[in-house]
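To start, the structure itself, in structure tokens.
Chains as they are written, first to last, in our numbering: chain U, 4 to 411; chain E, 4 to 411.
Structure follows, in structure tokens:
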């Protein structure tokens, strides 16, 4: 089945000049993708009439659906209805029902309707009015060539409300839709290119699309299944991919439902096992604790600048070699704090190496558990905040691996 | 003078499908607008080669500059360079210097470069390479028709870094630009509407535009001066506004030059006075320390869950009233840690109040200094991460006010 092609079109100088981040486009795209549309383009333009006319004309020649936000307000820079009238040769006409509703909107708020608001009751000939329960600007829909255009206000709450209440049902009437299913396999400690190499020889079912997404703290392997894939087929395919990737997998998200993150995954495991944790930080400087905000199993953390400062604080004599140092720190904290698990995050590197984005520092993490101590040595580089973040993620990931029985 | 026309072009299925909000476009638009460009369009497309080729061709016929982000990664869905090669008839060529840099990027991290990363060293003939200090994907620039195209990675930190370090200078070479001058007066502890009210009766010079921008941790009052405003005129106007606002002002940024943040401001003052700091955290859970990453004057911090846990850790008997409790904690830490300043961040509220976004907790901050102890009581509400962040910002702002002699 061919999926209908959709485009998103945002109007407003504030979007174009970067005073506002266009969150409407992302929200709308997610909804349309889930419903079974395939999105080809997002476009944003300012408040110039001819730009709007040209763009509407362009889109009507290449898409099946276009959702437009913004430009429906009462002021002179709100030109959407006029642009539609010109582009699609459908002169503006007063809709008396719309005018009445706009007048009521103001009278219910004990305000006088400004003359400029009358403009919001004019729609291109043949348009379907979409009432706005939350604001003064109604939306509308109109078809040109093979493309349905839906015009909604730019205020996110109003836009979402009209979409949910009115537009979604209309789209299900106008189009034959089959929603696809998107699964994200989330990993820490493996790069995008290594993931791809691992999966290079794996033969995915033909209808399944594979993609990758690198974020600062994780890489996601995404599997997009067609609408007719069964749960058994999906689970079988996901299991195979997880097996190939191995220990770096920390979570599997069904993106049609909800998403999780590393601290959530750890939180559930800690609660299941009824464990408590104490953390000693150096390079992460409080960030391990900060990332675990609201997690009651984290009993406390200390930060001091260096290994020497930690030894000094804990009144531990100098040890022979790093492995013994980490162990002595973990043991002393266990003795002082009575938590089930002790996570120690240390690093080696001078001030220059820590601050300079092209130099690296060496991270030593250790986790003292009822099953013994697990250690990890890593290198990290980049600007200082990136080093801090990477160090925190890697330390938490050591904890995650232990809780998932992946520490060997 | 005619302003050159710029467009922004974002590439990636994750943008098109709405998995990611395109914050790059807004950031870039703001920077280009400040530099003197006028932005006509934002466009986002997915990973289909022909879509990319068509769009590049379109833009090269109507803009003077196009900044493109995304699509430079090592995987098969990263098609930007190939699309440029086709659209502008400039076949891809291996750049040995780029390859060497990519290899070094991996070897410095003790990782083996995957074969797929070689692809990132191929550029369209005639392109100017833009090295990426933070990631494996270099950017590049190329001119077609009258339009300069600049291609940058989609990861925001890498994109911003390359723009700041390399692209901005190039744009100043390639174009005749007249930048307006934008000054941001940064405040903590006062809301947008209060700021507006304070400035309501102040008569700005006619050519100066006043605006406000509320961020999660501060509010900025922005003054936009025309390109021909003199430094004397600008300083005079800015001084008047600062006087009206008063103590909440923590910094004045000339946004054409650089920006500062609260921790930077505190850092300079701490270094000037040669002070050191120790922090006790509860609601902030390590975030005060984490925000001060790389600041040598922060000697250490402790986090425990509650006031009782702090008293327990420090072996302090229960005190009469909160003021005495805070004071006893500060004194004990001063005795143990020998830092010049002790910052104590405590809160009252149960688990429900801390977690629920519509309930509030009460924050008690105290700063023990050579000039006595300064205390602060505040309420904060919202989702738990917002409470944590607000608590950290307010505690740091107490320190800032003390260092700027604004604690009374």
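Glycine included, every Cβ here is placed at the ideal spot set by N, Cα and C. Keep in mind the model is a prediction, meaning the values are calculated, not measured.
Enclosing alpha helix (DSSP H) for residue 110 of chain U [first to last residue]
If you number the first chain from 1, residue 110 of chain U lands on position 107. Run containing residue 110 of chain U: 99 to 111, per the alpha helix (DSSP H) assignment.
Mapping DSSP to helix, strand and coil, what is residue 32 of chain U?
For the purposes of this step, residue 32 of chain U is taken as residue 29 along the first chain, with counting starting at 1. Reduced to three states, the DSSP call for residue 32 of chain U is helix.
Counting Cβ pairs closer than 8 Å, one from the region 312 to 324 of chain E and one from the region 377 to 386 of chain E, do we hit at least three?
no
How many Å lie between residue 317 of chain U and residue 249 of chain U at the Cα?
Position 314 of the first chain holds residue 317 of chain U. Position 246 of the first chain holds residue 249 of chain U. Rounded to whole angstroms, residue 317 of chain U to residue 249 of chain U spans 38 Å at the Cα level.
Under DSSP, the beta strand (DSSP E) around residue 378 of chain U begins and ends at which residues?
For the purposes of this step, residue 378 of chain U is identified with residue 375 of the first chain, where counting begins at 1. That run of the beta strand (DSSP E) goes 375 to 384.
Bridge-paired residues (DSSP) for residue 154 of chain U:
Here residue 154 of chain U corresponds to residue number 151 of the first chain, with the count starting at 1. U:71 and U:143.
Examine chain E for any beta-carbon lying closer than 8 Å to the beta-carbon of residue 195 of chain U, and answer yes or no.
Translated into the one-based positions of the first chain, residue 195 of chain U becomes position 192. With 8 Å as the cut-off, residue 195 of chain U counts as an interface residue toward chain E.
Near residue 56 of chain E, what residues of its chain come up, given a Cβ to Cβ distance below 8 Å and the 5 sequence neighbours on each side ignored?
Here residue 56 of chain E corresponds to residue number 53 of the second chain, with the count starting at 1. Closer than 8 Å at the Cβ level, and outside the excluded window around residue 56 of chain E, lie 86, 89 and 90.
What are the residues that DSSP puts in a beta bridge with residue 304 of chain U?
Position 301 of the first chain, counting from 1, holds the residue named residue 304 of chain U. Paired residues: U:282 and E:306.
Is the distance from the Cβ of residue 365 of chain U to the Cβ of residue 390 of chain U below 8 Å?
Your numbering for residue 365 of chain U matches position 362 in the first chain. Your numbering for residue 390 of chain U matches position 387 in the first chain. Contact: no.
Please report whether the beta-carbon of residue 300 of chain E lies at a distance below 8 Å from any beta-carbon of chain U.
Counting from one through the second chain, the residue named residue 300 of chain E turns up at place 297. Judged by the 8 Å Cβ criterion, residue 300 of chain E is not in contact with chain U.
Helix, strand or coil at residue 312 of chain E [DSSP, three-state]:
Locating residue 312 of chain E in the second chain gives position 309, counting from the first residue. Reduced to three states, the DSSP call for residue 312 of chain E is helix.
Where residue 163 of chain E sits in the DSSP three-state scheme:
For the purposes of this step, residue 163 of chain E is taken as residue 160 along the second chain, with counting starting at 1. Of the three classes helix, strand and coil, the one that applies to residue 163 of chain E here is helix, per DSSP.
Can you tell me whether residue 14 of chain E is helix, strand or coil according to DSSP?
Counting from one through the second chain, the residue named residue 14 of chain E turns up at place 11. In this structure, residue 14 of chain E counts as strand in the three-state DSSP scheme.
Under 9 Å from the C-beta of residue 54 of chain U: neighbouring residues of chain E:
Against the first chain, residue 54 of chain U aligns to sequence position 51. Under the 9 Å cutoff, chain E gives 43 and 44.
Should residue 206 of chain E be labelled buried (16 or more other beta-carbon atoms within 10 Å of its own) or exposed?
The count along the second chain starts at 1 and reaches residue 206 of chain E at position 203. Classification of residue 206 of chain E: exposed, given that the 10 Å Cβ count is below 16.
Return the chain-ordered ranges of every beta strand (DSSP E) run that is complete within the region 320 to 406 of chain U and spans a minimum of 3 residues.
344 to 351, 363 to 372 and 375 to 384
Shortest alpha-carbon distance to residue 42 of chain U belongs to which of E:21, E:173 and E:340?
Indexing the first chain from 1 puts residue 42 of chain U at position 39. Here the closest residue by C-alpha is E:21.
Could you pull the start and end residues of the alpha helix (DSSP H) that residue 89 of chain E belongs to?
On the second chain, residue 89 of chain E is found 86 positions in, with the first residue counted as 1. Per DSSP, residue 89 of chain E belongs to the alpha helix (DSSP H) from 83 to 90.
In the DSSP assignment, find the alpha helix (DSSP H) that holds residue 293 of chain E and state where it starts and stops.
Taking the first residue of the second chain as position 1, residue 293 of chain E is located at position 290. Segment 290 to 294, the alpha helix (DSSP H) holding residue 293 of chain E.
Which value, in whole angstroms, describes the spacing of the CA atoms of residue 243 of chain E and residue 39 of chain E?
Counting from one through the second chain, the residue named residue 243 of chain E turns up at place 240. Counting from one through the second chain, the residue named residue 39 of chain E turns up at place 36. Using only the alpha carbons, I get a separation of about 27 Å.
Verify the CB distance criterion: does residue 39 of chain E have a CB-CB separation below 8 Å to chain U?
Within the second chain, the letter at position 36 stands for residue 39 of chain E. No, residue 39 of chain E lies away from the interface with chain U (no Cβ there is under 8 Å from its Cβ).
Determine the direct distance from the alpha carbon of residue 105 of chain E to that of residue 3 of chain E, and round the result to whole angstroms.
No statement about residue 3 of chain E is possible, as the shown extent of chain E runs from 4 to 411 and does not include it.
For residue 206 of chain E, which of helix, strand or coil comes out of DSSP?
Walking along the second chain from the start, residue 206 of chain E turns up at place 203. Coil at residue 206 of chain E, not helix or strand.
Within 8 Å, strictly: CB atoms of residue 336 of chain E and residue 370 of chain E
Position 333 of the second chain, counted from the start, is the residue given in the question as residue 336 of chain E. Position 367 of the second chain, counted from the start, is the residue given in the question as residue 370 of chain E. Contact flag unset, no.
Quick one, are the C-beta atoms of residue 191 of chain E and residue 376 of chain E less than 8 Å apart?
Here the question's residue 191 of chain E lines up with position 188 in the second chain. Here the question's residue 376 of chain E lines up with position 373 in the second chain. Cβ distance not < 8 Å, so residue 191 of chain E and residue 376 of chain E don't count as in contact.
Residues, ordered as in the chain, of the region 297 to 325 of chain U that lie near chain E by beta-carbon distance below 8 Å
297, 299, 301, 302, 303, 304, 305, 306, 307, 308, 312 and 316
Grouping DSSP H, G and I as helix and E and B as strand, with all else coil, what is residue 214 of chain U?
Within the first chain, the letter at position 211 stands for residue 214 of chain U. It is a strand residue.
At least one CB of chain U closer than 8 Å to the CB of residue 29 of chain E: is that the case?
Within the second chain, the letter at position 26 stands for residue 29 of chain E. Chain U contact via Cβ: present.
Cross-chain neighbours of residue 33 of chain E in chain U, by beta carbon under 9 Å:
For the purposes of this step, residue 33 of chain E is taken as the residue at position 30 of the second chain. Residues of chain U passing the Cβ test: 20, 21 and 22.
Taking the C-alpha atoms as reference points, what is the distance between residue 113 of chain E and residue 380 of chain U?
On the second chain, residue 113 of chain E is found 110 positions in, with the first residue counted as 1. On the first chain, residue 380 of chain U is found 377 positions in, with the first residue counted as 1. Rounded to whole angstroms, residue 113 of chain E to residue 380 of chain U spans 12 Å at the Cα level.
Flag residue 77 of chain E as yes if its beta-carbon sits less than 8 Å from any beta-carbon of chain U, otherwise no.
In the second chain, counting from the first residue as 1, residue 77 of chain E sits at position 74. It does; some Cβ of chain U falls within 8 Å.
At a CB distance below 8 Å, what residues from the region 278 to 290 of chain U approach chain E? Give them in sequence order.
284, 287, 288, 289 and 290
Would you mind working out which of U:23, U:50 and U:96 sits nearest residue 82 of chain U, comparing C-alpha positions?
Here residue 82 of chain U refers to the residue found at position 79 when the first chain is read from its first residue. Selected option, being the one with the closest Cα: U:50.
For residue 403 of chain E and residue 204 of chain E, the rounded distance between their alpha carbons
For the purposes of this step, residue 204 of chain E is identified with residue 201 of the second chain, where counting begins at 1. For the purposes of this step, residue 403 of chain E is identified with residue 400 of the second chain, where counting begins at 1. When rounded, the distance between both Cα atoms is 29 Å.
Say whether the region 305 to 314 of chain U touches the region 299 to 308 of chain E, bearing in mind that this needs 3 or more beta-carbon pairs closer than 8 Å, one atom from each stretch.
yes
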